[in-house]
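K.L.:
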Amino acid sequence: MIAVRFIVSTQLIIAANNLTDPNSLAVWQTLVIPPPILQAPGPNFKIIPNSELVYGPASALFDLRSEVARWGGVLAHYNQEVEGQELSGTGIVQLVAQRYSINPLLLLAVLEYQSGWLTDQDVPTVSLTYPVGFVSSGWEGLFSQLSYVANQLNTGYYR
110 MIAVRFIVST QLIIAANNLT DPNSLAVWQT LVIPPPILQA PGPNFKIIPN
160 SELVYGPASA LFDLRSEVAR WGGVLAHYNQ EVEGQELSGT GIVQLVAQRY
210 SINPLLLLAV LEYQSGWLTD QDVPTVSLTY PVGFVSSGWE GLFSQLSYVA
260 NQLNTGYYR
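Now the structure itself:
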């Protein structure tokens, strides 16, 4: 039970305390609990390199407005009120990218993959309310949807 409680193997506790009988302890006996042997938090293979996830120097050079206009999809013509201010679709992508420190190109890729907003002018009606497909009350509109995506990406990145 002690080993389970401290997430350490029984063998490590026995070795650290030179126990001859690991099934009994004297009332006065002090136990040394060694630190657990840490495992890597995840695989060494990274699906996406840091430079493509994090809003960094390369992101600042990316011309988001021109790229969205070039494709001419729903995003290029979208507007939404965000925090009392009318923003374009491009403005929303930029705001979320900066606020969550996520590469705007990655946000565009997710948006395109989930709903075609970058390249399509005619998208399913449900995607106008839930552009990335996270259908949940209170998460309507591009700003909320991209904020959800950015938060999920950060959760995956920093865990």
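The letter at position 23 of the sequence shown is residue 132 when you use the numbering used here, and the numbering goes up by one with no holes. Here a beta-carbon is modelled for each residue, glycine too, at the ideal position from N, C-alpha and C.
Between the C-alpha atoms of F252 and F171, what's the straight-line distance to the nearest angstrom?
P.N.:
Their backbone Cα atoms lie some 20 Å apart in a straight line.
K.L.:
Can you list, in chain order, the residues of its chain with a C-beta nearer than 7 Å to that of I201? Leave out the 5 residues immediately preceding and following it.
P.N.:
Closer than 7 Å at Cβ, skipping near neighbours: Q189, V191, L251, F252 and L255.
K.L.:
Hey, L95 and L217: beta-carbon distance below 9 Å or not?
P.N.:
This structure cannot speak to residue 95, because the chain is shown only from 110 to 268.
K.L.:
From I211 to G193, what distance separates their C-alpha atoms?
P.N.:
Each residue's Cα considered, the two are about 23 Å apart.
K.L.:
Determine the burial state of Y267: buried for a count of at least 16 other Cβ atoms within 10 Å of its Cβ, exposed for fewer.
P.N.:
When all chains shown are included, Y267 counts as exposed.
K.L.:
Is the number of C-beta pairs between the region 229-237 and the region 123-142 that are closer than 8 Å three or more?
P.N.:
In short, these stretches do not touch, since the Cβ pair count stays below three.
K.L.:
Tell me the DSSP secondary structure of V141 in three-state form.
P.N.:
In this structure, V141 counts as coil in the three-state DSSP scheme.
K.L.:
Of the residues P158, E176 and I142, which one's Cα is nearest the Cα of S118?
P.N.:
With distances taken between Cα atoms, S118 lies closest to I142.
K.L.:
Taking its Cβ as the centre, do 16 or more other Cβ atoms sit within 10 Å of A167, making it buried, or is it exposed?
P.N.:
Exposed, because fewer than 16 other Cβ atoms sit within 10 Å of the Cβ of A167.
K.L.:
On the DSSP bridge list, what partners appear for S197?
P.N.:
In the DSSP output, where bridge partners are listed per residue, S197 has N188.
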